[in-house]
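J.: Quick one: the structure is below, questions incoming.
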Amino acid sequence: MGQRKPELFGYLRHGCGRRVGGAPEEPIGKPAKACSVTYSLRRDSGREFRADLTLTNAGGQPVEGWRLTFAFPGDQRLTDARRVDFAQSGRDVVLEPDHEQPIDAGESFSVGVTGRYQKANPLPTAFAVDGTECEALVSGAPPATPGPTARSGSGGSDDRSGPGASSDDDSSGKGKGRSGHGDDDEEDD
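Structure follows, in structure tokens:
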């Protein structure tokens, strides 16, 4: 076997924060964050999107005069935001309430945003309020991908894969009910 990687060995040795056969160790990592942001993708057409952001004050004091910042990982551009003023420079986005909107401890503030993109719509995963990193909860349906254009033809659906579907490939040359004349043999009885 090869050598163990130190980070994997450390993870196994500590067993996710517990010593084998002993009392729990002090938790590894940072204390709970003072804020959380939920980013929920609500609609994605393959070129345009709509998302809801909810900022929750998980700290013990009201937050006043706040600024929520995040970065889009792709080429997304915001086109509108409800209840906030927004600015975007490259991938970096700043949202500020359009009027004094304190968020009391344990309370939330929600905003809807819309935007466009050219290539892809990867979801943002890091958010901060006034420079303090927030816990990020990101969800959404996978983006629609621009599919092939509709086939040209006489219109209507050409899907014959369901129950009762028929095929034009019949060795007898008859159209099996497609034109209404394919079952002539039964009338001869």
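Residue numbers (full-length UniProt numbering): 1 to 189. We treat Cβ as the ideally placed atom computed from N, Cα and C, and that holds for glycine.
1) With a Cβ-Cβ cutoff of 8 Å, do S139 and L53 count as a contact?
2) Enumerate, from N- to C-terminal direction, the unbroken beta strand (DSSP E) stretches of 3 or more residues contained entirely within the stretch 92-140.
3) With a threshold of 6 Å on Cβ separation, who are the neighbours of R91 within its own chain once the five nearest residues in sequence on each side are excluded?
4) Please determine, among V113, Q76, V84 and A32, the residue with the shortest C-alpha to C-alpha distance to N121.
5) By how many angstroms is the C-alpha of L78 removed from the C-alpha of S45?
6) Please report the straight-line C-alpha distance between G60 and A87, rounded to a whole angstrom.
7) Looking at the structure shown, is V20 part of a helix, part of a strand, or coil, going by DSSP?
8) Is the beta carbon of R82 sitting closer than 8 Å to the one on G112?
9) In angstroms with no decimal places, state the Cα-to-Cα distance between Q118 and D85.
10) Could you please give the first and the last residue of the uninterrupted beta strand (DSSP E) stretch that includes D75?
T.: The structure says:
1) no
2) Runs of the beta strand (DSSP E) lying entirely within the stretch 92-140, each at least 3 residues long, are 92-97, 108-116, 127-129 and 132-140 in chain order.
3) A71 and F72
4) Closest by alpha carbon: Q76.
5) 15 Å
6) 29 Å
7) Reliability fails at V20, whose pLDDT of 42 lies under 50, so the model's placement of it is uncertain and the value that follows must be treated cautiously. Residue state, collapsed to three classes: coil.
8) yes
9) 24 Å
10) Taken as a continuous stretch (DSSP letters only), D75 belongs to no beta strand (DSSP E), as it is neither H nor E.
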